[in-house]
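Every letter in the sequence shown is one number past the one before it in the working numbering, and letter 179, counting from 1, is 192.
We put the beta carbon where it would ideally sit given N, CA and C, even for glycine.
Before any comments, here is the structure.
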Amino acid sequence: MTARLTTEVVTDGEAVRGDVLRALETVYDDVIVADEDGTVPDCVVAVAPLSDADWESLGDRDGVPLVVLTTPTDAPGVRPRASEADATDVVVADEDRYTALANRVRGVVQGRRTRADSPTPDVPADGRYLRDLYDVATDETLSFEAKADRILGIGLDRLGVENAHLSTIDRDPERYEVVASVGELPIEPGELMELPTTFCRRTIESEDVLAFEHAAEQGWLGDPAYEANDIECYLGARITVGGSLYGTVCFMDRSPHGPFSEAEQAFVSLVARWLSHELERTRRGTALDALHDGTADLMRATTADSVCDTAAAVAVAALDAPRTRVWLVDDDPGTTLRAAASHGCPADPDPLDRADGQGTCLWDALDDGDLCQYDDADGLDGTGFAETTRSLVVVPLDTEGVLVAGSGTAAAFDDIDRSMAGMLGSNVVAALERTDWIDQLRTARERFSRMFESASDGLLLVEPDADSVVDCNDRVCELLGYDRATLRTVAPSTICRDDLADFQRLVATALDTGRARADELLLRHRDGSRIPVEVSAAELELDGTDHVLASIRDVRDRKHREQALSVFNRVLRHNIRNDMNVIIGRASMLEDAMASGDEQAHLARILDTARGLTELGEKARTFGQLDERDPDADSVEIGPLIDRVCDSLSEAYPDARITVRGDADAVAAVEPTLDVAIHELLENAIKHATTDAPTVAVDIDSDGDDVTVRVADEGLGLPEQDRAVLEGGSETPLDHGSGLGLWLANWVVTAAGGSITVREAGSDGSVVVLSLPVDRDATTRP
């Protein structure tokens, strides 16, 4: 704003008067009402409807311009009265009517002042106009429409002509539409003209400014534009947006003008460039807004079809494309495209098969991975558009398919459209990948839900920080005596209050390491009773929050069985030991008292059987003690372990000789219970030797993967049933082997992840080979 205005407002309402003055103050630094201080106005403003008296008074203005504002409805009745009053211009508007009025007043006044002052064209005043242009162009508070009106007004003031306007041009069909207009000529925004009847048809053919100051003397007589518009002087320049023609900006007058200087033509060129920049910035901003909003919609889509439908709609808005379609690859080999979504198109076409040679432009973009643009797409097949399509943009969607935008106008898509299409394609690919992830997540959740509901153990999904039950299955509800809705309202700390510290430790361990286990926790039933349970816990992250999934198994029946078995085992071992001691003692006494050989043989048989049965009870006792070993011990040095076993056997079998050779420092990844297996194998070798002073050889070897222990004896070889026990670990009711000893050896070794094999050593005995996993951590320690 660089001017001051004195005006007179004629209207029948004070509210309307205020609206007019406020609008004028947006385009002038200072607005003075003439009838308040007696000054002559620069322009009279009248807002219809008016009384007859008001219309009559408007006819006596002494040459002061008159601008009349009316609505489209009232315009037919107002125009004749305005003509009688010799009005300079009539503004017909509904929306933003006062803004349109203010801009028209500014144009009329500036044109009048310029002609009255008759400035010399080459007066160096361009600095002021350039500053004004800069102020308008950098004012972020103004809309494009407001900026265009002000820039045109500045140009009107600079060039001293009657009218300045901005137009947009379509070449097919040849149509010319006014976008903004200021000045005295009755050219309205929105007005349509035939392009051949305008001087701008010549302007768009040149990169330079088209200028003439006296059309009748410069060869324009008989031109359709001259005959239709009666314009004598003209300055015009083409406007481009995104590298494509948008329209023109032109300045004109019905009277001849002095020769336009190079400075004036340069000024028009500058105005054209600034308008091009503002249009491109506005256009890009509008497209980015559409793309931004569309991207949010894409990321909210949960299926591939909804992504495609959204993408087709966004392409219409962001690319200003009349019709769009998304094609997706419909088979694993990638030889078929199906139409997944369309906008502005009839029913979806049939799938395109690569082998049929249709849709070449689509397959080219998909194969090359590059956006393809066709400015005149006549003759391209398989685009999927039934209407005539002159312009086409094909955007590859990675390997998923293509997005196609089409227009019936040639060269309809410019560099901005190309840029927006590329960004949209990237967002569509991301959205499709997200739907794949959603499908996988949905499948995983459905599978988890089925497992959750069908689990034989009770399941609690707990959020530790909130001390809340997020979900539970029917089994745990049955166990604790709640229905599902009620159990979700009970805090885990309440359910586990009897062993709260152990429960909290379990949860902390699960969150820290991912998994945790408690062999026994007490949970409270709804009726207050206590239920012993075994709990396995795992950490889960759901929606960014740490949870713990607890698998709960009722161990009441197991504990009852264990207690009964423990009592039975103790009683049985005690009774066997005591009763066998009585039998052995009495039989020994009878053996000493009897002289008959046959009787002595029978007593010897009784004593051997009794001692064997006592030994069997001791082995059962050993088996029961295996679970009492240190659960944290997970490796053992083989040499020292065998030495300890040999020491224990030397007391029971002083005549036996056990030799140990090989890698005594080898460390196996097994528990110390291995000594039970070694003991059983060595004792079995000693007991079944054919000499009174048996020799057993033990060889230890380690190859980095396994530790091998070979036990060689001097016996007659293992019976087939004993071999089956060692190598298979099973017994049948008809084949009991040698009892618990060898079975115990097999059980200990296989439980440690090892194996036992038996190799015949010929007539001199047997070789039992133990293969044990090596402790790799021990092999790396210094």
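- Counting along the chain, Ile-451 sits inside the alpha helix (DSSP H) bounded by residues 428–467.
- Bridge pairing for Glu-650: Val-680 [DSSP].
- Approximately 5 Å separates the beta-carbon atoms of Leu-654 and Asp-688; this is inside 8 Å, confirming the contact.
- Shown here, Ala-98 sits in coil according to DSSP, grouped into three states, outside any helix or strand.
- For Thr-216, the enclosing alpha helix (DSSP H) stretches over residues 213–216.
- With fewer than 16 other Cβ atoms inside 10 Å of its own Cβ, Arg-463 counts as exposed.
- One thing to note: Asp-484 has its Cβ within 7 Å of the Cβ of Leu-474.
- In this structure, Val-254 lies near Leu-292, with their beta-carbon atoms less than 7 Å apart.
- Bridge pairing for Met-206: Tyr-189 [DSSP].
- Per DSSP, reduced to three states, the secondary structure at Glu-226 is coil, with no helix or strand assignment.
- The secondary-structure analysis by DSSP pairs Tyr-247 across a beta bridge with Phe-225, Met-265.
- Annotated as proximal: His-356 and Ala-325, with beta-carbon spacing under 7 Å.
- Within the same chain, Glu-650, Gly-652 come within 7 Å of Asp-678 by CB-CB distance, once the 5 residues on both sides are set aside.
- Contact annotation: Ser-420 and Ala-479 have beta-carbon atoms that are not nearer than 7 Å.
- In this structure, Asp-73 and Val-23 do not form a Cβ contact; the two beta carbons are roughly 12 Å apart against a cut-off of 8 Å.
- Pro-359 and Ala-100 have their C-alpha atoms some 52 Å from each other.
- For Ala-360, no alpha helix (DSSP H) run applies, since DSSP gives it neither H nor E.
- Excluding residues up to 5 positions away in sequence, Ala-669, Ile-671, His-692, Leu-695, Glu-696, Ile-699 lie with their Cβ nearer than 8 Å to the Cβ of Leu-662 in the same chain.
- Taking 3 residues as the minimum length, the beta strand (DSSP E) runs contained wholly in the stretch 661–705 are 670–675, in order along the chain.
- Per DSSP, the beta bridge partners of Ser-420 are Ser-404.
- Counting every other CB atom within 10 Å of its CB across the protein chains shown gives Glu-21 a total of 16 or more, marking it as buried.
- Secondary structure at Glu-413: coil, using DSSP grouped into helix, strand and coil.
- A straight line joining the alpha-carbon of Thr-704 with that of Glu-533 spans about 52 Å.
- In its chain, beyond the 5 residues on either side, Tyr-111 have a beta carbon closer than 8 Å to the beta carbon of Asp-32.
- Burial check for Thr-216: the Cβ neighbour count within 10 Å reaches 16 or more, so the residue is buried.
- In the structure shown, the three-state DSSP call for Pro-54 is coil.
- Just so you know, the alpha carbons of Ala-241 and Leu-208 end up roughly 12 Å apart.
- By the CB criterion at 7 Å, Arg-723 and Val-673 fall outside the cutoff.
- Closest in C-alpha terms to Gly-140, from the list Thr-402, Gly-168, Ala-523, Ala-159, comes Gly-168.
- Taking Val-29 as the centre and dropping the five residues before and after it, the same chain places the C-beta of Val-60 closer than 6 Å to its C-beta, in chain order.
- Nearest neighbour of Gln-386 by Cα position, chosen from Asp-361, Pro-364, Gly-414, Ala-418, turns out to be Ala-418.
- One alpha carbon belongs to Val-80, the other to Gln-123, and they sit about 13 Å apart.
- Taking the Cα of Thr-348 as reference, the smallest distance to any Cα among Arg-336, Trp-376, Val-329 is reached at Trp-376.
- DSSP lists Asp-484, Leu-562 as the beta-bridge partner residues of Leu-474.
- Within the model, the alpha-carbon separation for Ala-710 versus Ile-596 is close to 37 Å.
- DSSP assignment within the stretch 518–558 yields no whole alpha helix (DSSP H) run of 4 residues or more.
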